[in-house]
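A.B. asks: Sequential numbering from 355 applies to the sequence shown in the numbering used here. Just so you know, even glycine gets a beta-carbon here, dropped at the ideal spot from N, CA and C.
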Amino acid sequence: LERIDRRNRQADNQARKRVLVVDDSLTVRELERKLLLGRGYEVAVAVDGMDGWNALRAEDFDLLITDIDMPRMDGIELVTLLRRDSRLQSLPVMVVSYKDREEDRRRG
355 LERIDRRNRQ ADNQARKRVL VVDDSLTVRE LERKLLLGRG YEVAVAVDGM DGWNALRAED
415 FDLLITDIDM PRMDGIELVT LLRRDSRLQS LPVMVVSYKD REEDRRRG
């Protein structure tokens, strides 16, 4: 986020960067949304991987922030679909999760 934030400040005439936050927890979604809005980003939210995938295909984003454990489609499946899509595969992704085992980090 710091790197993207620096680029935003340097580009005076560019449009605000758009971030998609995907998390099934309302509390986490709102926390991330408020933090990003406070840094000047435009933020959209999705409640699970399926909603996130639909948003990614319908709109343009500069960053995806996703949880791993979600209903309908988890974050790993979402990122896998994104990487297979020629239009979306270069989109930066940040995985945010409460899981902290090494196995979970590798999977993310």
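Could you give the DSSP three-state label for M427: helix, strand or coil?
C.D. replies: Three-state DSSP puts M427 in coil, outside helix and strand.
A.B. asks: Give the straight-line distance between the Cα atoms of E396 and S440, rounded to the nearest whole angstrom.
C.D. replies: 24 Å
A.B. asks: DSSP on A400, reduced to helix/strand/coil?
C.D. replies: It is a strand residue.
A.B. asks: Does DSSP put R445 in a helix, a strand or coil?
C.D. replies: Here residue 445 is Leu; the residue named in the question, Arg, does not match the sequence. Coil, per DSSP.
A.B. asks: Once you ignore the five residues that flank W464 on each side, which residues in its own chain have a CB closer than 7 Å to its CB?
C.D. replies: There is simply no residue 464 to check, as the chain begins at 355 and stops at 462 in what is shown.
A.B. asks: Measure the C-alpha to C-alpha separation of F415 and M448 and round it to an integer number of angstroms.
C.D. replies: Cα-Cα distance, rounded: 13 Å.
A.B. asks: Using the three-state DSSP reduction, which class does V450 fall into: helix, strand or coil?
C.D. replies: coil
A.B. asks: Please confirm whether D402 and V375 have their CB atoms less than 9 Å apart.
C.D. replies: no
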